[in-house]
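Protein chains in written order, with our numbering: chain W, 692 to 1493; chain Z, 692 to 1493.
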């Protein structure tokens, strides 16, 4: 377009607009190619034989018939891979089990064949002889004196010493008991604080097993090239960490491992660790000298992908009559399952909520994570915070009730403010917490409804109405857990002013491609369609620590902005030189370089790019940027400002409780989130709505039933996800606290919306019925029994170490 | 490794070493996945129906039976794509022919089906009615007055005006004759120069059809995403040019076209233009809403991929008795075939040889390119230079003989030197031409053998021995033909000091990945294995004009060095800061930062990278660079220094001619190339050896036999490539003229080695037999007839326009 034809271009911002996700058309059209759809020439198909016993010694494995089946290329057992090493957060987990199985998911053998069907048939031909061992089905049993040991020796594989260091400095496996991890945290003087308390409450809470239920089940393709370099097509959320880990595992230089991520059908934290199937797939590819693809069935996904960690939690909380919190003492007992993955580290996030959601002068937190023969827990959106918030936010209501204070006023009195530094060392540079509480309360008419529900409870029929509130604090500016929490960006403009944004940050469905494009376009005055995002290949993209801790918008966003601003500076300098004007007076808008003050176009950006490129002193605009947040690692006492920013929210849940059936219907959720600043309003709403529904499932319907080590409902008929008709009305609003470090002021919000729902629902049920339920989920049976005082205590026993 | 353990690291260079090609293990293991191997989920397979007549009107096309065949998804004819536009260098070529076919390769219909077999079966069901037109089978016939017109109207498709501009400013199609292009070049005063000549020779030469014979036949996969963006998996040598061209073609923004290059099984110039099959594949994908793959059969590759352009050439050359060249006058008549591709522009390269290989005061060059009903010619390694050199270098021998001067002395007397500016404006900044001649001559014992062969000719038996020399000049520093001749590079180092080199320059088997890696490693003191090259995706890589004109090492090499030097500067600055030493005193060697003078290690580079990354002021080393050579566009008189450097070579060919059978055996090739500087000695030798064999095929065995428009030998049984047993002994040496602009002093050499062989062979046959043969190839029949004075004149007629 000729500049002369172009009228003055007004300043316009993409920030806060509703921007369609860049991957939406492909996904809506069913054209997205997940790992399930991928075909690598020459690839084989693999299946895993899992244990049929919960806890047993393996006496023998006979694979001869499987090996003889036509179309079978490789059959592997532990004996075939003497170089296998333990994986997992505590390096306590051999991918192929040769001597002992510790849970029903345990991998005993694997087959690579010409088709899935042949591989499946081969599994049926493998004969395993077991000798059963006593099953430890609960953490309470695991810590009983004299309990059989689940890991009797540090490592039982081939008697070799453990060669890889554990992923965290905390020692896990190999203790002469079933304790996988134990730690203590404290700030303030608990004894004195308790002495100063007017009211103290103590309760135990039981949190159950749920699992991620990603629509895209786990899968991987592994292949080695002719030089022995490994290429993994993997759904991992942390490609750069896994690149290094696989290299360590294979004892090769990390440059020889390349991870390409196909579009990922949901992560939610489930893809933060290395799991046996990935390593087994590598072994199969190595043995077959062919690419090998392994994709879980849905049943396998339920049985062998990680879970949210079950917790028994005893909370003791105190306050003064005036509503000032005094102390909080917590003991948690975690069911680690048979092996240690990230679930074992969720207490570190729970701790933040205990220590810092509200101002509390003294906090004492003791945690114990124990091995059982149950499924093992990984990381899961919210990462312990759902469990902690479930307990704390019920106690907030209970304390308020005890001192006769309105639950809102009680929360507001103790809520954090900007500028505060907590006992754990978190520094709240931006904090819209109080505004979240008041906004959610006002929009839901909480005060009136809460009082009315109590006043009119008995006058109502068998269906009681209730309203409950809960609040949350979560990291919103990354979390400095690894040596670096940063992200790199490479940006190039082409001859048509289209941008390639090469970012380390992965898209796992959360919309990061769209938000990053938006941030770049905001700097460069371009439409979203001008950006192509490259984000799925460790050989191409700069480093990023991975998708976790609600960090991508904040960290990768700041990185993308950094690269875009460098590009903008180059562009304006070139325009100023070419068109003989003052660089500082120029801006980029609507695909043009304009005079900032008037909006008068100077040159079309695409034309300028070609001028730059097709000249004697030819140049392309290419920039790079690396962003590392100003957060710090926690010290040995778990203190330190671990995130560059913190997200806040309050959610009000309204329910109808049918006292005759125990059925709880969630009718409305009113949520207010301090997101720093709204970037993509549409994406943010989607993120919040999805999180609310996930929280709703956690509260009401989802329950992975594990009985004596056996998962009883590994399918979508018996494991009940919330479906569209049950989704409540939602009223979602945002507090824009304009975080000083955040990209355009924004903070991370990926995990936040799932966190409060169960806690708020518990408070709402209590508001409706006067009955408080301390265990999840609120199934009709559980609620029915609770309403009749028949809750089976052993299902949520008080627990505290001696 | 601990620095303390590391001894002093001596300076070492990779330059001039023998470095294995990075892609060799995959290729040798048969693991490389060419487009033939690729499977895109949901893809269809496509085939093209080609004309069964050489020149005809199409009366009707009936596709109904093909459409009804089960498994057929789409059948297209010209009538189904009313938006098709002409392609090709002159925009004279509609992909699907609806009204007229002009050669046997012409595309009439295309089918996309579930399998190749179904598509093939569907083709057989398509009925086409033709009305034959007179065939023009030679350029001589095409320019006869009153010859039927091959393009009777500017464009016969739907009567629409031509909407895309031609690729070159020279007007081609639509003239009221069969002439596709005509131009004239001159420098100096021909008449005066001829008057001053003591000797003048004039001969006509006939150059034949050969074709590239890439081991990987042509193929493409086209697909549109849900937003209508086009992704092409394409073997093109010029992805960025084609991205733009396909976008123009589809009338969409170039950002919506992405080209990914699978490993390419040979290019040699054949993949520089867009061909109908590519556009047809796009049409099929658009209609099917599915990915569509189209791969040629070998027969199709012979029939429908481009050829080297046949030429009738009349050369008139003069010199003085003292051996000084006086003038050169040339007329060339080119068989364009039915459509215009790059073949039509090869005269521009021929011109350089005529005007500038030797110092010649006057040069006059007239060329005419005419349409025929024959296959059409594209670009092909050497790009006209084989044809020009074949004529010139025979005349050099003939002139020398006429004035009784040794052919070597005659060449040396007229050879260019560094510093010279030719009549066409080329400036030879580095020039090892004379050293090439003397080295090749000395190493082959040329003078003695040449004299002996003449002296002993009659004394020998029926098998005569001959030796011949020829020289060449070719661009060696790119060629400024497009608005830019540059290349961009993005470089990143990871935490383990491994490098990702993102370059615009494609690998087509020539070894560019290896040489570029080497140049980067030379700067950064790393082993070749430390580099991963990313070079095959227009969405990721920065711009490059493409693989042609022997430019990649020079242009992309300088670009890679630029990025690597920026990285080195960052690294040394960081090391100096961290280790408190003088940046200028540091160097990079063997994976370490060292004190340059002593070689004493300061810090392991990988460790420094991690220190940089895992620090509060975290950083990654990422750099970008764009290199544009200092060459200029030619002016309207074809004058200008079009390349940043020029390559030189002399090749001595030795033959045995069996005078009883006409069989010519090439026994030895002694070649000396001015390559500026040897970078990868192994790669360079491979490049030279391959080129020599290609030249040998051109000289002796390869001949695409086209009779009356029909290609008679579209297969490897009848089209004779040189095979291993026939390959001569080779003695390859290099002159290192250390080009000032070249990367580490190097110049491009990709095309050079094929250029002189046929010319030197002609001189060798003359040396053996006393008979000079002016046409190619030197088949037994042709040689047998020539030795008996029975050469069929019409096979190489004298031709000159009136």
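For every residue, glycine included, the Cβ atom is placed at its ideal position computed from N, Cα and C.
Counting only runs of 4 or more residues that sit fully inside the segment 1340-1408 of chain Z, the alpha helix (DSSP H) segments are 1372-1387, in chain order.
From the beta-carbon of residue 1174/W, the residues of chain Z found nearer than 7 Å are 1305. Of all residues in the segment 1358-1383 of chain W, none has a C-beta nearer than 7 Å to a C-beta of chain Z. Nearest Cα to residue 874/W within the set 999/W, 798/W, 1218/W and 1056/W: 1056/W.
If you check each beta-carbon in the segment 1218-1229 of chain Z against every beta-carbon of chain W, the ones closer than 8 Å belong to 1220, 1221, 1223 and 1225. Taking CB atoms only, residue 731/W has a neighbour in chain Z less than 9 Å away. In the DSSP assignment, residue 874/Z falls within the unbroken beta strand (DSSP E) covering 870-878. Taking a Cβ-Cβ threshold of 7 Å, the residues of chain Z close to residue 724/W are 732, in chain order. Within chain Z, no residue has its CB atom less than 8 Å from the CB of residue 927/W, the nearest being about 17 Å off. Residue 1212/Z sits in a helix when the DSSP states are folded into three classes. In the DSSP annotation of this structure, the continuous segment of the alpha helix (DSSP H) that includes residue 1253/W starts and ends at 1248-1270.
Less than 9 Å divides the Cβ of residue 967/W from the Cβ of residue 787/W. Taking 9 Å as the threshold, the shortest C-beta distance from residue 918/Z to chain W falls below it. Closer than 8 Å at the C-beta level to chain Z, one finds these residues of the segment 709-724 of chain W: 716, 717, 719, 720, 722 and 724. Under the three-state reduction of DSSP, residue 1019/W is assigned to strand.
In the structure shown, residue 1235/Z falls within a strand segment according to DSSP collapsed to helix, strand and coil. By the rule that beta-carbons nearer than 9 Å mark a contact, residue 1189/W touches chain Z. A direct Cα-Cα distance of roughly 25 Å separates residue 708/Z from residue 1335/Z. Residues of chain Z with a Cβ closer than 8 Å to the Cβ of residue 1183/W are, in chain order, 1179, 1181, 1233 and 1315.
CA-CA distance, residue 1115/W to residue 1329/W, rounds to 7 Å. Residue pairing by DSSP places residue 1057/Z opposite 875/Z and 1022/Z in a beta bridge. Note on geometry: alpha-carbon atoms of residue 1367/W and residue 1256/W lie some 21 Å from one another. Under a 10 Å Cβ-count criterion, residue 777/Z is classified as buried, with 16 or more other Cβ atoms of the shown protein chains found around its own Cβ. The straight-line gap separating the alpha-carbon atoms of residue 869/W and residue 833/W is approximately 6 Å. Taking the C-beta atoms as reference points, residue 824/Z is found no nearer than 9 Å to residue 750/Z. By the neighbour-count criterion, in which a residue is buried when 16 or more other Cβ atoms sit within 10 angstroms of its Cβ, residue 699/W is exposed. Check the Cα spacing between residue 1152/W and each of 886/W, 1352/W, 773/W and 837/W: the tightest is with 1352/W. Residues of the segment 1243-1264 of chain W that bring their beta carbon within less than 9 Å of a beta carbon in chain Z are absent altogether.
Inter-residue distance for residue 1149/W and residue 1461/W is about 10 Å (C-alpha atoms, whole angstroms).
DSSP, read as helix, strand or coil, puts residue 1072/Z in coil. Beta-bridge partners of residue 1165/W (DSSP): 1338/W.
A distance of 9 Å or more separates the beta carbons of residue 926/Z and residue 739/Z.
The CB of residue 1336/W never comes closer than 8 Å to any CB in chain Z; the least such distance is about 17 Å.
At the C-beta level, residue 1011/Z and residue 1094/Z come within 9 Å of one another. Closer than 9 Å to the CB of residue 954/W there is not a single CB belonging to chain Z. For residue 946/W, the chain Z residues whose C-beta falls within less than 8 Å of its own C-beta are 1185, 1187, 1189, 1220, 1221 and 1223, listed in chain order.
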